[in-house]
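Enquirer: Just dropping this structure here.
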Amino acid sequence: GTTGGLASLVTAAPEVLLAQVRTLAEATRRGVVDGIHLEGPWLSGRHCGAHDPSWLRAPDRAELDALLAAGDGAIRMVTLAPELPGATAAIRCLVDAGVVVALGHTDASYEQTQAAIEAGATVGTHLFNAMRSLHHREPGPVPALLADPRVTVELIADGVHVHPGVIRQVVATAGPDRVALVTDAMAAAGAGDGAFTLGGLGVDVAGGVARLRGTATIAGSTATMDRLFATAVGLLGGDDAALAAAVRMSATTPAHALGLGSAGVLADGSAANLVVMTADLQVHRVMRRGRWLIQPRQGES
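If you count the sequence shown from 1, position 175 lands on 175 in the UniProt record's numbering, and the numbers rise without skipping.
Listed below in structure tokens is the structure:
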């Protein structure tokens with residue numbers, strides 16, 4: 001159920017990250033992906049999740065410039081923790097370069113989050129997951145991200161990462177025009193249970209849930225977009241309004257947040273991307289750039 005998306009890179013050594021960016025920049029030029037998302041290495045050690053903590057670091061202008069040069073315009077979004085030294089300058093640099101800045105894997109205070117938004121950050125990476133929890137005296141990043149109309153908040157609506165009641169509350173608070181469904185999928189997506197790696201770390205998948213080997217830490221997701229879509233429709237009531245909201249959150253809102261003007265809509269001049277689903281929300285047909293990738297079986301229509 002995915003016709004486009006960003007390829008996310010996790011925290012790694014500087015030379016490894018540069019090589020990965022160069023490879024994915026070529027994939028972006030060929031239209032395989034819509035761009036690169038750097039999720040790391042400028043993240044909080046307290047909320048690093050499935051990122052290798054040995055390679056976490058503060059933003060460095062020289063590294064930033066090298067990565068942007070290697071990407072040659074392909075880096076579409078960068079997630080960072082705004083409380084790190086040099087983060088505000090990095091946000092401004094990235095925004096000036098046309099890169100969407102997202103806040104995530106963070107221990108930032110409410111005020112630090114607000115300051116990062118003022119500096120140009122416009123996305124909250126997988127809200128609630130890998131960030132300081134909400135507390136009534138130390139609210140942290142979540143309410144700051146939800147309250148600002150300039151910010152799009154991501155949700156991993158797979159039934160594992162965020163409680164259904166929280167998903168409904170976020171959509172009610174921010175509205176479908178500010179909520180983007182994201183898979184946060186790693187290599188195990190669609191592959192079943194087993195042993196995998198993520199950024200050099202061992203990951204075990206059991207019952208469709210990926211966790212860092214030997215820990216309870218969730219390591220990305222095994223979900224695909226059709227699953228998120230169906231989950232969102234069900235959580236929001238299962239009616240036509242829920243369908244419309246889920247379409248916006250899975251297609252239109254993410255494309256708008258990333259500046260992908262021709263994606264996420266069906267209109268003259270837009271990308272001819274289309275997913276046709278059955279009445280029970282199973283993928284039936286998929287069109288990408290005007291070409292059917294999945295056709296109905298013989299006898300179906």
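The beta-carbon is built from N, C-alpha and C at its ideal position, and this holds for glycine as well.
Computed from a prediction, not measured in an experiment: that's the story for all the values here.
Is it buried or exposed for Asp34, if we count other Cβ within 10 angstroms and need 16 for buried?
Expert: Under this definition Asp34 is a buried residue.
Enquirer: Beta carbon of Ile117, beta carbon of Arg76: below 8 Å?
Expert: Cβ atoms of Ile117 and Arg76: not closer than 8 Å.
Enquirer: Answer yes if the region 118 to 126 comes into contact with the region 185 to 199, meaning at least three C-beta pairs across the two stretches below 8 Å, and no otherwise.
Expert: Result no; under three Cβ-Cβ pairs closer than 8 Å.
Enquirer: Just the C-alpha distance for Val283 and Asp204, rounded to the nearest angstrom, thanks.
Expert: In a straight line, the C-alpha of Val283 is about 27 Å away from that of Asp204.
Enquirer: Return the bridge partner residues of Arg39 from the DSSP annotation.
Expert: For the sequence presented, residue 39 should be read as Glu rather than Arg. DSSP output for Glu39 lists Val10, Thr79 as bridge partner(s).
Enquirer: Output needed for Arg288: all residues of its chain with C-beta closer than 6 Å, excluding positions within five of it in sequence on either side, in chain order.
Expert: So the list reads Thr3, Asn273, once near-sequence residues are dropped.
Enquirer: Which residues in the same chain have their Cβ closer than 6 Å to the Cβ of Phe229, if we skip the five residues on either side of it in sequence?
Expert: Cβ neighbours of Phe229 beyond the five flanking positions: Ala246, Ser250.
Enquirer: From the DSSP output, read off the bridge partner residues of Met277.
Expert: Answer is Val283.
Enquirer: By the three-class DSSP mapping on this structure, what secondary structure does Val33 have?
Expert: Of the three classes helix, strand and coil, the one that applies to Val33 here is coil, per DSSP.
Enquirer: For Asp204, list the residues DSSP reports as bridge partners.
Expert: Partner(s): Ala195, Arg211.
Enquirer: With C-beta atoms as the reference, is residue 302 less than 8 Å away from Thr11?
Expert: The chain is shown from 1 up to 301; residue 302 falls before or after that span and cannot be answered.
Enquirer: Residue ranges of each alpha helix (DSSP H) run of no fewer than 4 residues wholly in the region 119 to 151, ordered along the chain?
Expert: If we require 4 residues or more, the alpha helix (DSSP H) runs fully inside the region 119 to 151 come out as 141 to 147.
Enquirer: Are the CB atoms of Pro141 and Thr253 within a distance shorter than 8 Å?
Expert: Not closer than 8 Å, so no.
Enquirer: Is there contact here, the region 215 to 226 with the region 148 to 162, by at least three beta-carbon pairs under 8 Å?
Expert: Yes: at least three Cβ pairs fall under 8 Å.
Enquirer: Taking the alpha-carbon positions, what's the Ala232 to Val182 distance?
Expert: The straight-line gap from Cα to Cα measures roughly 12 Å.
Enquirer: Given a threshold of 16 other Cβ atoms within 10 Å of its Cβ, counted over all protein chains shown, does Thr215 qualify as buried or as exposed?
Expert: Looking at its Cβ environment, which holds fewer than 16 other Cβ atoms inside 10 Å, Thr215 is exposed.
Enquirer: Counting only the same chain and skipping the five closest in sequence on each side, list residues whose C-beta sits under 7 Å from that of residue 389.
Expert: There is simply no residue 389 to check, as the chain begins at 1 and stops at 301 in what is shown.
Enquirer: Buried or exposed for Gly269, please, with buried defined as at least 16 other CB atoms from any protein chain shown within 10 angstroms of its CB.
Expert: Label assigned to Gly269: exposed.
Enquirer: Report, in whole angstroms, the separation of the C-beta atoms of Ala130 and Thr152, which I expect to be a contact under 8 Å.
Expert: That belief does not hold up - the Cβ atoms of Ala130 and Thr152 are roughly 17 Å apart, past 8 Å.
Enquirer: Apart from the five residues just before and just after Leu293, which ones in its own chain have a Cβ nearer than 6 Å to its Cβ?
Expert: Correct list, in chain order: Val286.
Enquirer: Below 7 Å CB to CB, which residues in the same chain sit around His256 once its five sequence neighbours on both sides are set aside?
Expert: Around His256: Gly264.
Enquirer: Just curious, the alpha helix (DSSP H) that Leu91 is in, first and last residue?
Expert: Per the sequence shown, residue 91 should be read as Ile rather than Leu. Its alpha helix (DSSP H) spans residues 87 to 96.
Enquirer: What does DSSP give as the partner residue(s) for Leu103 in the beta ladder?
Expert: Paired residues: Leu80, Gly124.
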